[in-house]
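Asks: Per my numbering, the sequence shown runs over residues 159 to 538. Note that CB positions come from ideal geometry on N, CA and C, so glycine has one too.
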Amino acid sequence: MLFKTKFIPLAIALAFAGSAAAQEVIKIGHVAPVSGPSAHLGKDNENGAKMAVEELNAKGIKIGGKAVKFVLLLEDDGADPKQGTAVAQKLVDAKVQGVIGHLNSGTTIPASKIYYDAGIPEISPATTQTKYTQQGFKSAFRVVANDAKLGGTLGAYAVNKLGIKKIAVIDDRTAYGQGVADEFIKGAKKAGGGVQIVGKEFTTDKATDFNAILTTIKGKNPDLIFFGGMDSVGGPLLRQMKALGIKAKYMGGDGLCTESLPKLAGEGAANGVVVCAEAGGVPPELQKNMDDFVARYKKKYNSDVQLYAPYVYDSVMTMATAMQQANSAEPAKYLPFLQKIKYQGVTGLISFDSKGDIQDGALTLFTYTDGKKTKMEVIK
């Protein structure tokens, strides 16, 4: 009896060991700033990736006839280009089979060369700078519209829909901030209507005092101020606009267009003052899918989606689907399938053009009403 009581647990242990050995581990890297001023956005991204991986593992997916387990390797780039390239190399050294990230254009662009050289596919859920997909890297993809569409659409909207005549522009000197501001100016000028760019100022992505540039702008009496940058700077800037008595409308891209903006801007984000665009969006017939995701996210994390979590979630699912279609998690084998993918996600249909840009990318315009982000319209 003594022999049997020892033998049975040993047999069970060996069976479990054999099962674990048969399960292939697929490592996916995720990079976002989970420290610094944009940490709330980076954590939002991380949560979206975790949700996707947990759901994939719960389904018991097989690839190439083998049971697989997806493992997420999380890295923090602090929205800093040097840190971004350092963690990119770390993920390459860890032999990840794919990367989801980065969030900021300024970190994504330099890191993309490292992933490309290593042959590792990368899907950015948030990068909008046009340069990202213009480098000729066949491994680089994005699931949101680029700055040319985002900034250009906002510029045209300001002139044609809001009737703006005098515009001042501020950017934070980052790749994203400068890029979206430049495209906004192009879009506004192309729209015509006698629009004037009465001022072009810049700050940094860590600045807190904007009185000097706002005093200069106030003297030019603009109808609208466009800010190229993230909410961590754009919110306090709007707060100081209010304090100086500047009554202009305020516009920005997706980095500004977050649930946190009213808290950061205070009374500056009064009803109808802000118009911003999110690089993505779903038409009414797909809204239920997005609403279901938002509800699941809220239940799981006890917090609202900030901005990009649904796009991160879809990025992970898109990459996993390409692996399934290729019957392989080897980057060289599933990359051709990723290039031709058609995946119906919570953010809409995901497919890429020859450069890696999302096909038919949508934009959603928002304003803020009673401290809440309020959808205006979806534009394609």
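Indicate whether at least one CB of chain D lies closer than 8 Å to the CB of asparagine 460.
Replies: Note that chain D does not occur in the displayed structure, where there is just one protein chain.
Asks: I'd like to know whether the C-beta atoms of glycine 242 and alanine 269 end up nearer to each other than 8 Å.
Replies: yes
Asks: Please tell me whether valine 327 and aspartate 363 are closer than 8 Å, where the distance is taken between their beta carbons.
Replies: With contacts defined by Cβ atoms closer than 8 Å, valine 327 and aspartate 363 do not form a contacting pair.
Asks: Going by DSSP in three states, histidine 188 sits in which element: helix, strand or coil?
Replies: strand
Asks: Three Cβ pairs or more, each shorter than 8 Å: is that satisfied between the stretch 217-229 and the stretch 183-192?
Replies: yes
Asks: Rounded to whole angstroms, what is the Cα-Cα separation between glycine 411 and threonine 374?
Replies: 23 Å
Asks: Assign glutamine 255 to buried or exposed, taking buried as 16 or more other Cβ atoms, counted over all protein chains shown, within 10 Å of its Cβ.
Replies: buried
Asks: Are there 16 or more other CB atoms within 10 angstroms of the CB of alanine 453, so buried, or fewer, so exposed?
Replies: exposed
Asks: How many angstroms separate the CA atom of leucine 465 from the CA atom of isoleucine 499?
Replies: Answer to the nearest angstrom: the Cα atoms are 24 Å apart.
Asks: So what does DSSP say about valine 504, is it helix, strand or coil?
Replies: coil
Asks: Using 8 Å for Cβ pairs, my map puts histidine 260 next to leucine 232. What's the rounded Cβ distance?
Replies: Not confirmed; about 12 Å, so no contact.
Asks: Return the chain-ordered ranges of every beta strand (DSSP E) run that is complete within the stretch 306-366 and spans a minimum of 3 residues.
Replies: Runs of the beta strand (DSSP E) spanning 3 or more residues and lying entirely within the stretch 306-366 occur at 324-329 and 354-360, in chain order.
Asks: Count the other CB atoms, across all protein chains shown, that sit within 10 Å of the CB of threonine 532; report buried if there are 16 or more and exposed otherwise.
Replies: exposed
Asks: Could you tell me which whole beta strand (DSSP E) segments of length 3 or greater appear in the stretch 394-475?
Replies: If we require 3 residues or more, the beta strand (DSSP E) runs fully inside the stretch 394-475 come out as 407-410 and 432-436.
Asks: Would DSSP call serine 263 helix, strand or coil?
Replies: helix
Asks: Would DSSP call methionine 534 helix, strand or coil?
Replies: strand
Asks: With DSSP as the reference, please indicate the residues paired to valine 257 in a beta bridge.
Replies: Gly187 and Glu280
Asks: Hey, which unbroken runs of the alpha helix (DSSP H) at 4 residues or more fall wholly within the stretch 196-250?
Replies: Segments of the alpha helix (DSSP H) lying fully in the stretch 196-250: 197-217.
Asks: So who's on the other strand from isoleucine 383, going by DSSP bridges?
Replies: Ala326 and Tyr408
Asks: Based on the DSSP secondary-structure assignment, which residues constitute the bridge partners of glutamate 182?
Replies: Val226
Asks: Count the other CB atoms within 10 Å of the CB of aspartate 234; is the residue buried (16 or more) or exposed (fewer)?
Replies: buried
Asks: Mark glutamine 287 as exposed unless 16 or more other C-beta atoms lie within 10 angstroms of its C-beta, in which case mark it buried.
Replies: buried
Asks: Suppose the cutoff is 8 Å on Cβ atoms and the five residues either side in sequence are ignored; what does the same chain contact list for isoleucine 383 look like?
Replies: Taking isoleucine 383 as the centre and dropping the five residues before and after it, the same chain places the C-beta of Ile325, Ala326, Val327, Ile328, Ile375, Met399, Ile404, Ala406, Lys407, Tyr408 and Met409 closer than 8 Å to its C-beta, in chain order.
Asks: Looking at C-alpha atoms only, which residue of Ala428, Val431, Ala478 and Gly337 is the closest neighbour of glycine 413?
Replies: Gly337
Asks: Could you give the distance in angstroms between the alpha-carbon of valine 226 and the alpha-carbon of lysine 458?
Replies: 24 Å
Asks: For a test of the three-state rule: what should DSSP assign to phenylalanine 295, helix, strand or coil?
Replies: DSSP places phenylalanine 295 in the coil class of the three-state scheme, outside both helix and strand.
Asks: Between the C-alpha atoms of leucine 249 and alanine 487, what's the straight-line distance to the nearest angstrom?
Replies: 16 Å
Asks: Taking contact to mean 3 or more Cβ pairs, one atom from each stretch, closer than 8 Å, check whether the stretch 521-529 and the stretch 419-438 are in contact.
Replies: Touching, yes, given that three or more Cβ pairs across the two stretches are closer than 8 Å.
Asks: Counting Cβ pairs closer than 8 Å, one from the stretch 435-452 and one from the stretch 500-516, do we hit at least three?
Replies: yes
Asks: In its own chain, which residues sit with a C-beta less than 7 Å from the C-beta of glutamine 483, not counting the 5 before and 5 after it?
Replies: Phe495
Asks: Could you please give me the residues that DSSP links to threonine 527 through a beta bridge?
Replies: Lys530
Asks: Less than 8 Å between C-beta atoms, sequence neighbours within five positions excluded: which residues of the same chain meet that for lysine 253?
Replies: Lys185
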